[in-house]
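Heads up: the structure comes next, in structure tokens.
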Amino acid sequence: MPEGKRLEKDCVKEWQERVDEIACSREASERLWTRYFEPFKDVVGISGVDGVQYRRDGDFVTGIDFPQRYSSRAGTDVCATQHEMGHFVTISEDRSVMPAFGFATRGVPDLQFRPWERIPVKPMSHIVEAKAIAWELIFLRDLHGISPPAIMLATSLKYATDFHLYPGRNEDDRLEWAVRRIEAYVREFGDLSVFDRLWEERCRKLPLLLERERIRTSLWEIDPISSETISDFVPGWNATIEVRSHRGVEQVSVTLEDGHDNTFESFPTMQAAEAFLDLVKSCFAPAETTSTAPRGSM
């Protein structure tokens, strides 16, 4: 290993140990809880591991719990909490109340082999993850008094399913590109006072957003107000678009089927559904009218 790379890895390791010491401390957990969760504990909390979870009262979703740690750790780790908090304030209102914040529906269905599986076709994670990591860095700096380099947190992006689509000739190039994006977001976001405002606005609106999402996800039980089938949307596959609406809440469902397999998607707006259909068509329609087939499908 070149000497410069070895020193860089040693530096990252040292920073990781310093961050772990602070992030896993009781004091860090108390600071985070007191400032962000105590004022809105009726709708947000800290519980569980890895991802966010819904609070439920029967059929009703009443709040969101953020993870207290990663599954690979014991005790608590505010980095896990802060990462999801970063997602919560930077994604759209609709996605902020979807399971897994809507990240499970990225990419396109694999219509060539397994339509229930997703293929990443664009380097999307660098946007959503870079924003969350940027807020993590701001949390560490402004709330916990430590400023690690962005590369320390960016290394986790190597495990993103679309990492191979990041610009660069090799892994180091791709990570360097991601680090530049993260650092740019840190400069753009500013300081923790900006996050405080975004967090308060989203938490105050959360009961309304949760109620809208509850209605949206139950709309499949009623008849659609409109339905359209596009034959051979892409070769061999038909697309059926159905719109349902109730109390001002809309659900747009898209079913792709070829007579043997099918894949179903649900969206909060027609615009989101149309964007999904355009992306699928760009990947699977004939080459003379679209771009190339999705990378990673073979």
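The sequence shown runs 763 to 1060 under the working numbering. Virtual Cβ for every residue (Gly too), placed ideally from N, Cα, C.
Residue range of the unbroken beta strand (DSSP E) whose run includes residue i
i: Arg1006; result: Trp999 to His1008
i: Ile992; result: Ser988 to Val996
i: Leu1018; result: Val1011 to Glu1019
i: Glu983; result: Segment: none, Glu983 is in no beta strand (DSSP E) and carries neither H nor E.
Cβ neighbour criterion (16 or more within 10 Å) applied to residue i
i: Asp924; result: buried
i: His845; result: buried
i: Leu972; result: buried
i: Ala721; result: Residue 721 lies beyond the stretch modelled for the chain, which goes from 763 to 1060, so this question has no answer here.
i: Lys893; result: buried
i: Phe822; result: exposed
i: Arg942; result: exposed
i: Ala862; result: exposed
i: Pro764; result: Note on Pro764: pLDDT 46, under 50, position unreliable in the model; the coordinate value appears next. Pro764 is exposed by the Cβ-count criterion.
i: Glu933; result: exposed
i: Ser809; result: exposed
i: Pro885; result: buried
i: Glu891; result: buried
i: Pro882; result: buried
i: Ser887; result: buried
i: Ala946; result: exposed
i: Met1060; result: A caution first: Met1060 carries a pLDDT of 31, below 50, which makes its placement in the model unreliable, though a value can still be read off. Its Cβ having fewer than 16 others within 10 Å, Met1060 is exposed.
i: Gln830; result: buried
i: Arg931; result: exposed
i: Arg857; result: buried
i: Arg964; result: buried
Closest by C-alpha distance to residue i, when choosing among the options
i: Pro911; options: Tyr921, Trp999, Ile895 and Ala922; result: Ile895
i: Ile992; options: Glu1036, Ser833, Asp827 and Ser809; result: Glu1036
i: Gly1010; options: Gly864, Pro882, Thr1031 and Cys841; result: Thr1031
i: Phe828; options: Asp819, Asp821, Lys803 and Phe822; result: Lys803
i: Glu1074; options: Val851, Ile908 and Ser988; result: Because residue 1074 is not part of the residues shown, which for the chain are 763 to 1060, the question remains open.
i: Leu1018; options: His1008, Ser1007 and Gly998; result: Gly998
i: Ile889; options: Ile853, Glu938 and Phe863; result: Ile853
i: Asp1020; options: Asp1040, Asp994, Phe1029 and Gln1013; result: Asp994
i: Thr838; options: Gly864, Glu800, Trp795 and Val859; result: Trp795
i: Phe951; options: Val1016, Arg788, Asp904 and Gln830; result: Asp904
i: Ile826; options: Arg966, Val774, Ser1028 and Glu1004; result: Arg966
i: Ser988; options: Cys841, Val883 and Arg1006; result: Arg1006
i: Val811; options: Phe799, Ser787, Thr843 and Ser791; result: Thr843
i: Pro1048; options: Trp939, Lys884, Val996 and Ile1003; result: Val996
i: Asp953; options: Leu902, Ser1028, Glu891 and Gly820; result: Leu902
i: Phe865; options: Ala922, Ile913, Met914 and Leu915; result: Ala922
i: Leu937; options: Val948, Glu983 and Met914; result: Met914
i: Leu968; options: Phe799, Val781, Cys786 and Val806; result: Val806
i: His906; options: Val840, Ser858 and Trp939; result: Val840
i: Ser970; options: Glu855, Arg793, Thr917 and Glu792; result: Checking the sequence, you will find Leu at residue 970 rather than Ser. Cα-wise, what sits closest to Leu970 is Glu855.
Limits of the alpha helix (DSSP H) - the one that residue i falls within
i: Thr979; result: Leu954 to Ser980
i: Ser1044; result: Met1032 to Phe1046
CB contact check: residue i to chain C, cutoff 8 Å
i: Val859; result: Here there is only one protein chain, and chain C is not present.
I'd like to know if the stretch 971 to 980 and the stretch 943 to 963 are in contact, where contact means that at least 3 CB-CB pairs between them fall below 8 Å. no
I'd like to know if the stretch 869 to 888 and the stretch 807 to 818 are in contact, where contact means that at least 3 CB-CB pairs between them fall below 8 Å. no
Where are the alpha helix (DSSP H) runs, 4 residues long or more, that stay fully inside the stretch 823 to 852, in chain order? 840 to 852
Continuous alpha helix (DSSP H) assignments of at least 4 residues falling wholly in the stretch 787 to 826: 788 to 794
Taking three-plus beta-carbon pairs below 8 Å as touching, is the stretch 845 to 865 in contact with the stretch 886 to 901? yes
May I have a chain-ordered list of the beta strand (DSSP E) segments no shorter than 3 residues that lie completely inside the stretch 883 to 967? none
Length-filtered (4 minimum) alpha helix (DSSP H) runs lying within the stretch 855 to 884: 855 to 858
Below 8 Å, can you find three or more Cβ-Cβ pairs linking the stretch 874 to 886 to the stretch 1019 to 1027? yes
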